[in-house]
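*Asks:* So the sequence shown is numbered by my numbering: it starts at 945 and just counts up by one.
For every residue, glycine included, the Cβ atom is placed at its ideal position computed from N, Cα and C.
Submitted below is the structure of interest, expressed as structure tokens.
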Amino acid sequence: MIVVDMFKLPIQFILERYVTKYFKKHPEVKLIVVAGSVGKTSTKHAIATLLSQRFAVAMQEGNHNTHLSAPLAILGIKYPENIKSIAAWLSVFRAARTRIKMPTGPDVIIQEIGADHPGDIARFGRYLRPYIGVVTSVTPEHMEYFKTMDAVAKEELMAANFSELAIINRDDIDGEYAKFLTNGNLNTYGTTGIAEYKFEMQNFTTENGYEGAVFTPEYDPIQATVKVAGEHSLRPVMGAVAVAVKMGMTTEQIAAGLKLIRPVPGRMNILKGQNKTLIIDDSYNSSPIAASSALQALYGLQAPQHIAVLGDMNELGDVSAAEHEKLGKLCDPNILSWVVTVGEQAEKYLAPAARQRGCQVRSFKSAIDAGGFVRGVMEEGAAILVKGSQGGIYTEETVKVISTMEEGDELVRQSPQWLKTKADFFSKFS
């Protein structure tokens, strides 16, 4: 790590300078940034899908939202495999200079920006001047560093403050955090009446998703079908609608784009399971608001049996015990046949709370073992929620055990590198 430590700060400044030069050379390119505790990737993809109906859009797959990776993602340059190599970074710098000199490519660049520590979002604001800043949520995250929810809110909402236009999720950002907003050019989105850009649901099926009407201040209601599951999955879509309207798209273009939106792998993706079961694959990551919303989506499905597989919610710091316990108390024994936990935090805090409510609970350290148990108890036509985090949980491997898929193409973390990482991790349980 010596080379990285020596060169990280200069490299970061150089990359930021190249991004500044790029937008100075190409002022016609609109930058849209997406910040927030959860929901960034789904919102980013929804925005890209809608805007692609009219604009040339640049958006890199994956979560390139750190201070070293975000500038490269904006410039469309591949992150170097060997970050300790000076030669690799010199090659990156050459590519950046070439990119600046090239004719304008995209009309719009969409970029996630993430916060692991206080000051992270503020640093993006030193060199980025987005046309639109979207803030998806303010929920507990990296609490070992932020300590308080006020600190989280102040950090995430900075993205709204240094953008020309701000669009925030009214449903998942408490109104008390308005005290941290300084940008008066602001609009809200969501699925409730208090949001300016909202979706009014009329019908839902697992095959077609939601049918309903999109309401905006600018247009008459837009009839739309959105193939997602869970009311909270509609909120990223409404954030995308707000962006599309601000970008001048027509109702016809927006309606056409809405038909194309699909869940990102591992994010409320409905899959077919063995024995004619239905799986809600929400295994990408887990947080209090996302987990509770996913449970509510499971409760809303008509099925002869409901099973919830709930993995640890990582990176909650001092509030981990309380948040896991709170989620356990949301487990309804009148609906759930089984609550299956994966990980130490869920076993220690979530499981006892669910048992106290009257739920049948089984706890596992391995997501694969959890999948084996679920396969043994699931009934024909059951609805099964699989929710989990990344590090040390990997409940996408639970989905593999109970699904009908052969290759796992619709699952998250299936690259050769990820499969090796997970094979090493699960080997200690065999």
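#1: Across the segment 1077 to 1090 and the segment 1250 to 1265, are there enough close Cβ pairs to call them in contact, namely three or more that are closer than 8 Å?
#2: Less than 8 Å between the C-beta atoms of Thr1342 and Ala1311, yes or no?
#3: Which word fits Asp949, buried or exposed, when buried means at least 16 other C-beta atoms lie within 10 angstroms of its C-beta?
#4: So, does the segment 1200 to 1220 touch the segment 1351 to 1369, judging by three or more C-beta pairs under 8 Å?
#5: Please check the pair Val1286 and Gly1320, which I expect to be a contact at CB under 8 Å, by giving their CB distance rounded to whole angstroms.
#6: Using only CA atoms, which one of Ser1230, Ala1095, Thr1080 and Leu1245 lies nearest to Glu1267?
#7: Can you list, in chain order, the residues of its chain whose CB lies under 8 Å from that of Thr1150, leaving out five sequence neighbours each side?
#8: Are Asn933 and Met1093 closer than 8 Å when you measure CB to CB?
#9: Beta-carbon within less than 6 Å of Leu1130's beta-carbon, same chain only, minus the 5 sequence neighbours each way: which residues are those?
#10: Is it buried or exposed for His1176, if we count other Cβ within 10 angstroms and need 16 for buried?
#11: Tell me, please, whether the segment 1098 to 1110 touches the segment 1065 to 1080 by the rule of three or more beta-carbon pairs shorter than 8 Å.
#12: Does the segment 1176 to 1190 touch the segment 1110 to 1130, meaning 3 or more C-beta pairs lie closer than 8 Å?
#13: Report, in whole angstroms, the separation of the C-beta atoms of Met1193 and Gln997, which I expect to be a contact under 8 Å.
#14: Measuring CA to CA, which of Ile1328, Val1330 and Pro1277 is closest to Val1305?
#15: Using the rule of at least 16 other Cβ atoms within 10 Å of the residue's Cβ for burial, across every protein chain shown, is Gln1300 buried or exposed?
#16: Using a Cβ-Cβ cut-off of 6 Å (strictly less than) and excluding sequence neighbours within five positions of Ala1238, which residues of its own chain qualify?
#17: Between the C-alpha atoms of Thr1160 and Ala1040, what's the straight-line distance to the nearest angstrom?
#18: Would you decide whether Ile1018 is buried or exposed? Buried here means 16 or more other CB atoms lie within 10 Å of its CB.
#19: With a threshold of 16 other CB atoms inside 10 Å of the CB of Gln1361, please say whether the residue is buried or exposed.
#20: Nearest to Ile1076 by CA position, among Asp1313, Ile976, Leu1271 and Tyr1163, is which residue?
#21: For the segment 989 to 1005 against the segment 1188 to 1208, do three or more pairs of beta-carbon atoms, one drawn from each stretch, fall closer than 8 Å, so that the two count as touching?
#22: Once you ignore the five residues that flank Tyr1121 on each side, which residues in its own chain have a CB closer than 7 Å to its CB?
#23: Have a look at Glu1288 and Pro1209 and give me their C-alpha separation to the nearest angstrom.
*Replies:* Here's the rundown:
#1: yes
#2: yes
#3: Per-residue confidence for Asp949 stands at a pLDDT of 48, beneath the threshold of 50, marking its modelled position as unreliable; no derived number is given.
#4: yes
#5: With 8 Å as the limit, Val1286 and Gly1320 do not qualify as a contact, their Cβ atoms being about 16 Å apart.
#6: Ser1230
#7: Ala1173, Ile1214, Leu1222 and Leu1245
#8: Outside the modelled stretch of the chain, which goes from 945 to 1374, sits residue 933, for which no answer is possible.
#9: Ala1110
#10: buried
#11: yes
#12: yes
#13: 7 Å
#14: Pro1277
#15: exposed
#16: Asp1226, Leu1329 and Lys1331
#17: 39 Å
#18: buried
#19: exposed
#20: Ile976
#21: yes
#22: Val1082, Ala1097 and Leu1101
#23: 25 Å
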